[in-house]
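Shown next, in structure tokens, is the structure this report addresses.
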Amino acid sequence: MKHFLLKIEPVIWLLFGAGIMVGTILLPGYLLTVGLAGPLGLLPADALSWERLHGMVSHPIGGLLFRLVLLALIALPLWKGAHHLRHFLIDLGGGGRDAVVAPLLYLLAAAGSVLGILAVVRL
Amino acid sequence: MAQPAHPQAMTPSRPGRTRTAPPMKPGNWPSSARYRTYLAFDFTGLVYLIAGFVVLRAAWAFGSGPEAWSALLASFAHPVYLAFHLVTLLSVIFVGVRFFRLFPKAQPARIGPAKPPPRPLLHAGLYVAWAGVTLLLVAVLGGIVP
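As given, the protein sequences belong to chains E and X, one line each in that order.
Going by this note's numbering, the letters in the first sequence line up with residues 1 to 123, in that order.
Going by this note's numbering, the letters in the second sequence line up with residues 124 to 269, in that order.
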């Protein structure tokens with residue numbers, strides 16, 4: 001397992017790096033609106049309405065961009081999270097369990113990413 | 124032309140156990156500010172991991188129709204969700220500030236004929252991109268632009 005983890009390390013690092021960079025750039029806009037301002041009633045009534053957002057998703061070009069941004073918002077934070085959490089656990093002395101913990105975390109991120117692809121396809 | 128060094132040139136004069144310090148953490152490592160910040164940066168991984176699944180839940184609800192989407196937005200008004208989204212926002216800002224400070228230093232000196240821009244310019248550019256994308260998303264999702 002250790003050999004396999006070392007072999008896929010470049011792919012993991014690519015997704016982790018993209019998670020830090022793209023995830024961090026995209027998340028504040030989503031969190032400020034869908035996560036905080038919308039639920040607190042600080043946005044216009046129809047801003048987050050299903051009909052308005054569905055109109056955006058149905059647009060031939062804007063809809064593709066919407067889906068890509070949404071997929072990036074789902075998948076990239078998962079990979080950043082899995083890799084950083086793995087190293088957090090190693091730093092706390094869990095290096096001996098890494099051969100079990102690391103595959104579990106990466107499988108979690110992979111499963112979430114696949115579900116993310118399905119979620120944006122079915123919009 | 125100098126001759127290559129003898130393979131045993133650096134061996135000690137008397138054979139014996141090489142005196143090297145074993146790797147160990149400093150005794151005060153959890154309380155040191157530098158380690159605390161480093162661990163906090165790693166710990167944001169848990170926040171990002173949960174956030175990814177929360178966005179997945181939102182996307183799934185949106186794809187399930189207007190009723191599921193309304194129910195999701197209503198659930199996001201729960202104090203636990205509001206607190207989580209606030210903690211996530213603070214974590215993202217922490218990660219961004221720390222990572223964007225590191226990013227210019229981690230660039231290769233040259234890729235072929237191209238050299239990266241000066242570090243302050245690269246650093247400022249990341250903040251401009253961050254603010255620009257955030258403002259654009261807030262404008263689109265907040266209903267400011269149609």
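Cβ atoms here follow ideal geometry from the backbone N, Cα and C, with glycine treated the same way.
Residue(s) in a DSSP beta bridge with residue i
| i | result |
| --- | --- |
| Ala-237 (chain X) | X:Ile-234 |
Helix, strand or coil at residue i [DSSP, three-state]
| i | result |
| --- | --- |
| Trp-192 (chain X) | helix |
| Ser-214 (chain X) | helix |
| Val-268 (chain X) | coil |
| Gly-38 (chain E) | coil |
| Ala-200 (chain X) | coil |
| Pro-103 (chain E) | helix |
| Arg-146 (chain E) | Missing from the structure shown is residue 146 (chain E); chain E here goes from 1 to 123 and no further. |
| Asp-91 (chain E) | helix |
| Arg-137 (chain X) | coil |
| Leu-70 (chain E) | helix |
| Ala-18 (chain E) | helix |
| Ala-252 (chain X) | helix |
| Leu-43 (chain E) | coil |
| Met-56 (chain E) | helix |
| Leu-169 (chain X) | helix |
| Ser-113 (chain E) | helix |
| Trp-50 (chain E) | helix |
| Trp-152 (chain X) | coil |
| Pro-130 (chain X) | coil |
| Ile-8 (chain E) | coil |
| Ile-25 (chain E) | helix |
Exposure of residue i, with buried meaning 16 or more beta-carbon neighbours within 10 Å
| i | result |
| --- | --- |
| Ala-75 (chain E) | buried |
| Phe-4 (chain E) | exposed |
| Met-21 (chain E) | buried |
| Tyr-106 (chain E) | buried |
| His-129 (chain X) | exposed |
| Pro-127 (chain X) | exposed |
| Asp-46 (chain E) | exposed |
| Arg-151 (chain E) | The first residue shown for chain E is 1 and the last is 123, placing residue 151 (chain E) beyond what the model contains. |
| Val-121 (chain E) | exposed |
| Gly-38 (chain E) | buried |
| Val-268 (chain X) | exposed |
| Ala-232 (chain X) | exposed |
| Gly-23 (chain E) | buried |
| Ala-126 (chain E) | The shown model of chain E, from 1 to 123, leaves out residue 126 (chain E), and the question about it has no answer. |
| His-59 (chain E) | exposed |
| Gly-154 (chain X) | Going by the sequence as given, residue 154 (chain X) is Ser instead of Gly. The residue is exposed, with fewer than 16 neighbouring Cβ atoms inside 10 Å. |
Reference residue i; option with closest CA among the options
| i | options | result |
| --- | --- | --- |
| Phe-88 (chain E) | X:Ser-155, X:Pro-130, X:Thr-160, X:Gly-139 | X:Thr-160 |
| Val-256 (chain X) | E:Gly-29, E:Asp-98, E:Lys-2, E:Val-57 | E:Gly-29 |
| Pro-227 (chain X) | X:Ile-234, X:Gly-235, X:Pro-240 | X:Pro-240 |
| Gly-19 (chain E) | E:Lys-80, E:Leu-31, E:Pro-10 | E:Lys-80 |
| Thr-270 (chain X) | E:Ile-25, E:Gly-116, E:Met-1, E:Lys-2 | No answer is possible for residue 270 (chain X): it lies beyond the span of chain X, which begins at 124 and ends at 269. |
| Ile-12 (chain E) | E:Leu-42, E:Gly-55, E:Leu-78 | E:Leu-78 |
| Trp-152 (chain X) | E:Gly-93, E:Ala-110, E:Ala-99, E:Val-121 | E:Gly-93 |
| Gly-219 (chain X) | X:Leu-179, X:Val-251, X:Ala-184 | X:Val-251 |
| Gly-188 (chain X) | E:Leu-70, E:His-54, E:Gly-62, E:Asp-91 | E:His-54 |
| Leu-15 (chain E) | E:Ser-49, E:His-59, E:Met-56, E:Leu-71 | E:Leu-71 |
| Ile-185 (chain X) | E:Gly-116, E:Met-1, E:Lys-7 | In the sequence under discussion, the amino acid at residue 185 (chain X) is Phe, which differs from the Ile named in the question. Of E:Gly-116, E:Met-1, E:Lys-7, the residue nearest in Cα terms is E:Gly-116. |
| Leu-50 (chain E) | X:Trp-192, X:Leu-209, X:Gly-235, X:Ala-262 | Looking at the sequence provided, one finds Trp at residue 50 (chain E) rather than Leu. Out of X:Trp-192, X:Leu-209, X:Gly-235, X:Ala-262, X:Trp-192 has the C-alpha closest to the C-alpha of Trp-50 (chain E). |
| Ala-200 (chain X) | E:Thr-33, E:Leu-118, E:Leu-27 | E:Thr-33 |
| Arg-67 (chain E) | X:Ala-197, X:Ser-198, X:Leu-179, X:Ala-194 | X:Leu-179 |
| Gly-265 (chain X) | E:Leu-40, E:Glu-9, E:Pro-10, E:Leu-6 | E:Leu-40 |
| Leu-162 (chain X) | E:Asp-98, E:Gly-96, E:Ala-111, E:Ile-90 | E:Ile-90 |
| Arg-157 (chain X) | X:Ala-262, X:Arg-221, X:Val-261 | X:Arg-221 |
| Leu-209 (chain X) | E:Pro-10, E:Lys-2, E:Leu-36, E:Gly-23 | E:Leu-36 |
| Val-263 (chain X) | E:Gly-62, E:Lys-2, E:Arg-97, E:Asp-98 | E:Gly-62 |
| Leu-73 (chain E) | X:Val-215, X:Ala-247, X:Gln-230 | X:Val-215 |
| Leu-27 (chain E) | E:Leu-65, E:His-84, E:Ile-8, E:Val-69 | E:Val-69 |
| Pro-243 (chain X) | X:Ile-234, X:Gln-230, X:Phe-164 | X:Gln-230 |
| Phe-166 (chain X) | X:His-246, X:Gly-150, X:Leu-213 | X:Leu-213 |
| Val-114 (chain E) | X:Ala-254, X:Trp-253, X:Trp-183 | X:Trp-183 |
| Gly-17 (chain E) | E:Gly-95, E:Gly-96, E:His-84 | E:His-84 |
Distance cut-off 8 Å: residue i Cβ against heavy atoms of the ligand NAP
| i | result |
| --- | --- |
| Asp-98 (chain E) | As presented, the structure is devoid of all ligands, the ligand NAP included, so that no description of it is given. |
Whole-number beta carbon distance between residue j and residue i, since they are thought to touch under 8 Å
| i | j | result |
| --- | --- | --- |
| Ala-82 (chain E) | Leu-172 (chain X) | 6 Å |
| Leu-195 (chain X) | Ala-181 (chain X) | 6 Å |
| Leu-260 (chain X) | Phe-223 (chain X) | No, Leu-260 (chain X) and Phe-223 (chain X) are not in contact; Cβ-Cβ is about 18 Å, not under 8 Å. |
Where the segment 85-116 of chain E meets chain B: residues whose CB sits under 7 Å from a CB there: As a matter of chain content, chain B is missing from the structure shown, whose protein chains are E and X.
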